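In terms of the numbering used here, the sequence shown is residues 62 to 287.
Note that beta-carbon positions come from the ideal geometry of N, C-alpha and C, so glycine has one too.
Note that the coordinates shown come from a computational prediction; the quantities given were computed from them, not determined experimentally.
For reference, the structure is listed below as structure tokens.
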Amino acid sequence: MKNESIQPPRFSSALDPIPDYLTHYFERTAGPFLNICDLDDEEVQKIREFELSNDIKWSRFKMWPEFMKSRKAADDLLMRLYEEKFQKSPAHRPVFAVLGDFHEIPCLYANPGSVRIEIADLREDEVTFMYPDHAHLIQFFDHDAPAFGVPLPENYSEERMPCWGKLFTYQDLHEIHVEYGIKKAIERCLNTPGSFVFSYVEAHIWTRDLKFTPIDHEPTGKCKKA
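Below is the structure:
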């Protein structure tokens, strides 16, 4: 880990140019680089009680009471896509981040922290991307777990929405993000009420051997409910 910290970017990143870094956001009371699906029931219950007792703007356990059942299903589907893409099973469940940064993500936490990770420090199979985030895989693959996050549009077709259900490498993004309309979709949805999950590219980190730089955040109070 590098000792120096950096200031958060002033604006949310888009895809012109494609950012060369990731931001991993986390709850400071728990620490970074965790996947909630790796925890036992008692540990998850503590997190649930903590989140429900704090005035978090977007509490996953309030919005989706069966969140853990859905999250595990979505993670499992994501891991299946990883295995299909790289022809090997992932060594771990992924740690989640965003490509570049997105200023609304800290609103998921009571006491948010974040770190920056340079994509150049990761191998191709150590970081993947998806748009929108992997929650949509439940409906995309018609899984029997409760849906959560962004719903699959009723008018979905691969021709109109080619990025859905696909896992990308960093190189893939460079090659297809214009053709697939990801950049335009993000710019259209950025800072639009109700379009939170369409405003960033989700990143998945598949290694625990990471170099990172802490980001200093000034408290703004913008994430608390009115």
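- Residue 234 is a Cβ neighbour of residue 190, given a cutoff of 7 Å.
- Cα atoms of residue 85 and residue 237: separation of roughly 24 Å, rounded to the nearest angstrom.
- Looking from the CA of residue 192, the closest CA among 228, 256 and 206 belongs to 228.
- Within the model, the alpha-carbon separation for residue 98 versus residue 177 is close to 23 Å.
- Judged by their CB atoms, residue 187 and residue 267 are nearer to each other than the 7 Å cut-off.
- Beta bridge pairing from DSSP links residue 177 with 84 and 274.
- About 7 Å separates the beta carbons of residue 247 and residue 76, which is inside the 8 Å limit, making them a contact pair.
- With respect to the 7 Å criterion, residue 258 and residue 211 are classified as neighbours on the basis of their beta carbons.
- Runs of the beta strand (DSSP E) lying entirely within the region 152-202 and spanning at least 3 residues, in chain order: 156-160, 173-179 and 188-191.
- When the five nearest sequence neighbours on each side are left out, the beta carbons in the same chain lying within less than 6 Å of the beta carbon of residue 208 are those of 199 and 200, in order along the chain.
- A straight line joining the alpha-carbon of residue 83 with that of residue 194 spans about 15 Å.
- Where residue 266 is concerned, there is no enclosing alpha helix (DSSP H), although the beta strand (DSSP E) around it starts and stops at 263-266.
- When the alpha-carbon of residue 88 is set against those of 214, 168 and 269, the nearest one is in 168.
- Taking C-beta atoms under 8 Å as the contact rule, residue 174 and residue 93 qualify, at a distance of about 7 Å.
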